[in-house]
Each structure stands twice: as C-alpha cells, then as structure tokens.
Amino acid sequence: MYAESYPQLVYTSIELTLAKLFAFAIYRLFFHPLSGYPGPRLAAISRWYSAFYAWRGILHLRNKTWHDKYGSVFRSGPNELSFNSSSSLQVIYRNSSLISKPGIWEALSASRRTPNILSAVDDAVHNFKRRTISKMFSGYSLKQIEGRISGRLNHFVDLLVNPGPKHDLQDLCDWLSFDFISDLLYSESCDMLQRPEFRWIPCAYKIMSQRSMVCLVQPKFFQYYIDRLFLLRDYRNIMAAGTWARERTKEQGKSNDGSLQYSEKDMWVESFLLLAAGADTTSTTLCALFFYLLHNQEVLLKVIGEIRTSFTEEDDITGSQLNHCVYLDACIKETMRLVPAVPNLSPRFVNSGGLTIRGRYIPPGTIVGTSLYTLMRNSNYFDRADEFLPERWLSRGCRSQLLKLEGFEPFGTGLRSCVGMKLAELELKMTIARTLFKCDLRLCPETARYDAPAGFSFKGWAVASGEKNQIGNSYVANIAEVLG
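Here the sequence shown is numbered in our numbering, starting from 28 and rising by one per residue.
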C-alpha cells in the first residue's frame with residue numbers, strides 16, 4: 028500500500044513546490060513594492076540570475092547594458108534597485124542615518140565571526156577600525172613609503188629589460204603590488220618579483236574576490252556554504268594564503284578608551300583584507316594604464332616627454348615632484364574612470380524611515396547602490412564616455428569639467444571610501460614615471476592591436492581583476508641602448 032502511494036506522494040510534492048514557486052514569481056513580478064520599476068524579469072524573480080553574471084565576472088557589463096536599456100534606475104534583484112547618477116551616489120553612500128550596510132557584507136571577511144573594516148556593519152566598529160588603519164598608513168612618512176616603492180620598482184624594471192624569460196605584464200603588476208603592500212603591512216615582502224615561491228598568492232586572492240562578489244549578490248551562496256563547493260579546487264591555496272598572513276601578524280591594537288581592541292585574530296583578518304585591497308586593486312589599474320598607453324602611441328609619447336623633461340635623474344622622481352606632472356595625472360584619472368578598482372555597486376540597506384532618491388520614495392528594507400563602472404561611463408557626465416581621452420581632465424573652469432568631477436568617484440565616497448587612496452595614487456605615479464624614465468615601451472609585434480573604444484578587459488568581481496594576454500610581452504628597451 029505504502030509502496031503504491033509513494034510515487035503519488037512524490038508527484039504531489041513536486042506539484043506543490045512548482046505551484047509555490049509560480050506564486051512566488053507572480054508576487055515578485057506584479058505585487059511586490061518594487062514591481063513598478065523596470066528591469067530584467069528574471070532578476071526580479073531571483074538573485075541567482077545576477078549571481079550567474081557575478082560568477083562570470085561580467086555583472087558590471089550587464090549592469091551598464093541594463094541601465095542603457097531601462098534608464099537611470101532599474102530593479103536589479105527581487106528587493107534591489109540600481110541607480111546611475113552622481114546625486115544617487117551621494118545620497119546612498121553619504122547618508123548614514125537613513126542607510127546602513129546589510130548583513131551580507133559579513134561574507135567578505137576571512138572569518139565568519141570576526142569582521143574586517145569592509146565587512147563591519149556596525150558604524151562604531153567600522154570607525155574604530157578605520158581610525159586604526161589610517162594611523163597605520165600615516166605612521167610611515169611619505170619619504171619612507173617612497174623608499175619602499177623605489178626598492179621594488181628596481182626589481183620590476185629589471186624583469187622588464189631582462190633578456191631572459193618573458194612574463195605577462197599583468198603578472199608583473201600583480202607581483203609588484205603584492206611585494207610592496209606585504210612589505211608595508213608585515214615589514215616582510217612576498218618577494219614575488221625575484222622568487223617564484225609565493226607567486227600563487229595573487230591567484231588565490233582572485234578566486235576569493237570572485238567568491239565574495241557572488242556572495243554579495245546572492246547571500247545564500249555564503250549562508251548555505253555553497254561557496255565552499257566551488258572553492259574545493261583552490262581550497263589549499265586559499266588556506267595557505269590565510270596561514271601566511273596569520274603567521275606574520277602578532278601585534279595587537281587598542282582604542283584610546285579601551286572599549287574596543289584588536290586581538291591577534293582581528294589583526295590577521297584585517298591584514299588579509301588589506302593585502303588584497305592594497306595589491307589587487309592597484310595591480311589591475313597599473314596594468315590597465317600600461318595597456319592604454321601602449322595602445323595610444325601619441326599619449327604614450329606625451330607622458331614620456333613630460334617625465335623626461337621634468338626630471339634629469341631617477342632619484343629626483345618623488346611624490347611631491349610628480350604632482351607637477353599634470354598629463355601623467357590625467358592618464359591615471361582616465362584609467363581609473365574606465366577601469367574602477369571596485370566596478371560593481373556596493374549594496375546598502377534602506378533603514379526603517381525609508382529614503383527619497385531623485386524625488387522617488389524607496390521603501391524600508393530595499394537594497395540600493397550605484398555601480399562606479401556604470402556611473403563613470405555615463406554620457407551625461409563624460410563625452411565619448413567609452414574612449415580613453417586623458418585630455419578631458421586638462422580643461423579648467425567649464426561646465427563639462429564640473430560634470431566630470433560629479434561623475435568621478437574611483438575610490439568611492441562617504442565614510443566608507445577607500446582608506447588607502449593616497450597610497451595607491453603614489454604607487455601608480457611612481458611606477459609609471461620611473462618605468463618610462465628608464466625604458467622605452469611598445470607593443471610586441473605579435474600582439475594584435477585592440478581597437479575597441481575602451482578595450483582593457485577585466486573580471487568585475489569584488490575588485491577588478493585584469494585578464495592576461497592583453498598586452499603580451501611588450502617590447503622594452505633600456506634608454507641607454509636606444510639613445511646611446
């Protein structure tokens with residue numbers, strides 16, 4: 028009897044499940060408080076739709092496509108809205124009384140129980156961590172930081188001009204950035220530019236960046252430990268990266284009033300994040316900058332001319348002197364505009380009072396955000412928005428310049444903006460200036476010219492990750508060999 032009724036029970040269960048899912052979809056499409064907003068239908072039904080694009084690293088591209096189709100605001104998930112304007116950016120990320128970080132950010136910490144500066148939802152905890160980290164960076168004088176960068180840059184240029192085995196430029200940028208930030212954090216460098224022992228670390232961090240982005244879009248990926256299934260192949264390297272950071276973290280931090288303190292676990296969780304935030308982001312921007320310079324010969328020659336007429340000796344190239352290199356600064360700004368280090372929107376939770384953005388009331392509980400990739404390619408702020416045009420940053424005092432400034436926020440905005448922005452700018456300027464002062468660069472002959480408007484290709488995970496083989500083994504010649 029039971030055997031005969033078992034198939035019927037299974038069929039009934041399947042029918043009820045399908046009916047429930049159908050009713051769920053109908054509610055989200057037609058009766059949900061956000062049902063009046065345009066957007067892709069599948070995104071309105073389930074977060075898994077966007078999670079699929081997040082895993083592939085192209086969610087930033089899809090987000091821009093959807094904004095082009097649906098306008099300045101669209102429904103990016105069952106309970107999410109994506110905005111594309113400078114005013115929405117300011118309201119969402121500078122309004123801490125009406126907006127807060129949702130709990131899904133806990134997925135971005137190396138420990139499920141210990142938050143880092145990025146995953147801390149509580150403002151008091153975040154502010155304490157930010158003050159502590161700011162002191163850590165400011166504890167080094169500018170000269171000391173420049174000295175650390177200069178030492179690594181010598182190894183970087185040596186690899187470029189070395190007649191031995193050639194390396195993909197994205198790898199070289201990764202190794203340089205990880206060497207520098209590990210030296211700054213632990214006073215012990217990974218030394219990837221000289222030794223292959225730790226060259227697996229950037230790959231491990233890229234996998235974690237991919238996983239973190241999916242968790243932000245679909246929290247169930249983290250809550251139900253699904254992420255661990257996808258990371259099995261790379262689990263050993265990921266754990267080894269955590270162990271490497273933990274072994275080098277021994278000190279403790281404490282707040283002035285003693286109410287909050289850094290345990291040893293807090294320190295390694297924080298340093299584990301900073302190693303990625305300080306290296307992965309800078310290396311991608313650096314490689315993108317080389318890409319655009321090498322694919323725009325006139326721009327490259329202008330930058331080289333500015334650097335070589337501004338300095339007579341390599342040791343003269345310092346952070347303070349580089350502030351006078353306005354064309355180099357314009358190239359860096361234009362690269363950060365086209366390839367933001369954090370391309371996707373950072374989700375924020377609308378608190379109980381609700382929120383008004385551009386005259387539209389947003390109900391409590393809604394997740395909102397603005398994608399920097401989409402914003403900084405918005406034609407309302409930038410003419411020929413998908414093209415690499417450093418000259419756009421050289422005009423002063425005109426309306427178009429004011430619009431550019433409104434739409435340009437490569438490091439984010441508000442209390443949770445990037446804490447290491449000055450350090451990143453210094454590293455970018457010194458790397459490009461010293462490299463072009465000593466070397467002539469061009470695309471290697473076998474590298475096909477990439478003529479797409481803004482062609483540097485990268486994965487839009489938690490942080491942007493440049494794809495390899497876009498520049499190839501670019502030809503590098505020592506100036507003495509060329510001019511001597």
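We put the CB at the ideal spot given by N, CA and C, even for glycine.
- Query: How about the segment 309-320 and the segment 200-218: do they share at least three Cβ pairs that are nearer than 8 Å?
  - Reply: In the pairwise beta carbon analysis, the segment 309-320 is classified as touching the segment 200-218: at least three pairs are separated by under 8 Å.
- Which value, in whole angstroms, describes the spacing of the CA atoms of G380 and F435? Residue 380 sits at position 353 when you count from the first residue of the sequence shown. Residue 435 sits at position 408 when you count from the first residue of the sequence shown. So the alpha carbons of these two residues sit roughly 29 Å apart.
- Would you check if there are 3 or more beta carbon pairs closer than 8 Å linking the segment 135-144 to the segment 296-308? The answer is yes - the segment 296-308 touches the segment 135-144, with three or more Cβ pairs under 8 Å.
- Same chain, Cβ closer than 6 Å to K486, neighbours up to 5 away in sequence not counted: Residue numbering aside, residue 486 sits at position 459 when the sequence shown is read from its first letter. When the five nearest sequence neighbours on each side are left out, the beta carbons in the same chain lying within less than 6 Å of the beta carbon of K486 are those of G84 and S492, in order along the chain.
- Is it a yes or a no for the segment 316-326 touching the segment 347-364, going by three-plus beta-carbon pairs under 8 Å? In this structure the segment 316-326 touches the segment 347-364; the number of beta carbon pairs closer than 8 Å is three or more.
- Task: Excluding the 5 residues preceding and the 5 following N323 in the sequence, name in chain order all residues of the same chain whose CB lies nearer than 7 Å to its CB.
- Result: By one-based count along the sequence shown, residue 323 stands at place 296. When the five nearest sequence neighbours on each side are left out, the beta carbons in the same chain lying within less than 7 Å of the beta carbon of N323 are those of F415, in order along the chain.
- Item | Straight-line gap, F183 to S99 (C-alpha atoms, nearest Å) | Here residue 183 refers to the residue found at position 156 when the sequence shown is read from its first residue. Here residue 99 refers to the residue found at position 72 when the sequence shown is read from its first residue. Going by the C-alpha atoms only, they are around 43 Å apart.
- Task: Could you name the residues of the same chain whose beta carbon sits closer than 6 Å to that of I261, not counting the 5 residues immediately before and after it, in chain order?
- Result: Locating residue 261 in the sequence shown gives position 234, where the first residue counts as 1. First, the amino acid is wrong: residue 261 is Asp here, not Ile. Same-chain partners within the cutoff: I234.
- Task: Classify M403 as buried or exposed, calling it buried when 16 or more other Cβ atoms lie within 10 Å of its own Cβ.
- Result: On the sequence shown, residue 403 is found 376 positions in, with the first residue counted as 1. Burial is judged here by how many other beta carbons sit within 10 angstroms of a residue's own beta carbon; M403 has at least 16 and is buried.
- Message: By DSSP's criteria, R260 is part of a beta bridge. Which residues make up the other side?
- Response: Walking along the sequence shown from the start, residue 260 turns up at place 233. According to DSSP, which records beta bridges pairwise, R260 is partnered with nothing at all.
- Query: Just curious, the beta strand (DSSP E) that A70 is in, first and last residue?
  - Reply: Position 43 of the sequence shown, counting from 1, holds the residue named residue 70. Segment R68 to I72 is the alpha helix (DSSP H) holding A70; no beta strand (DSSP E) there.
- When DSSP labels each residue in this structure, what does D206 get in the three-state scheme? Here the question's residue 206 lines up with position 179 in the sequence shown. Three-state result, D206: helix.
- Query: So, do the segment 387-401 and the segment 105-123 have three or more beta carbon pairs nearer to each other than 8 Å?
  - Reply: Yes, since at least three Cβ pairs between the segment 387-401 and the segment 105-123 fall closer than 8 Å, the two stretches touch.
- Message: Does L43 pass the burial test, meaning 16 or more other C-beta atoms within 10 Å, or should it be called exposed?
- Response: As a working note, residue 43 is residue 16 in the sequence shown. Exposed, by the Cβ-count rule.
- Leaving aside the five residues before and after D218 along the sequence, list all residues of the same chain whose C-beta is less than 8 Å from its C-beta, in chain order. Position 191 of the sequence shown, counting from 1, holds the residue named residue 218. Only D206, E224 and F225 meet the Cβ criterion.
- Query: Between L349 and M457, which are expected to be in contact by the criterion C-beta below 8 Å, what is the C-beta distance as a whole number of angstroms?
  - Reply: Looking up residue 349 in the sequence shown gives position 322. Looking up residue 457 in the sequence shown gives position 430. With 8 Å as the limit, L349 and M457 qualify as a contact, their Cβ atoms being about 7 Å apart.
- G191 versus H351 - alpha carbon distance: Here residue 191 is taken as the residue at index 164 of the sequence shown, counted from 1. Here residue 351 is taken as the residue at index 324 of the sequence shown, counted from 1. Approximately 36 Å, taken between the alpha carbons.
- For the beta strand (DSSP E) that contains R364, what are its first and last residues? The sequence position of residue 364 within the sequence shown is 337, counting from 1. DSSP places R364 in no beta strand (DSSP E) but in the uninterrupted alpha helix (DSSP H) bounded by V353 to L365.
- Leaving out five residues on either side along the sequence, give the residues of the same chain with a beta carbon under 6 Å from the beta carbon of A451. For the purposes of this step, residue 451 is identified with residue 424 of the sequence shown, where counting begins at 1. Cβ within range, chain order: T309.
- So is S113 buried or exposed if we call it buried at 16+ other beta carbons inside 10 Å? The residue given as residue 113 occupies position 86 in the sequence shown. By the Cβ neighbour-count rule, S113 is buried, with 16 or more other Cβ atoms within 10 Å of its own.
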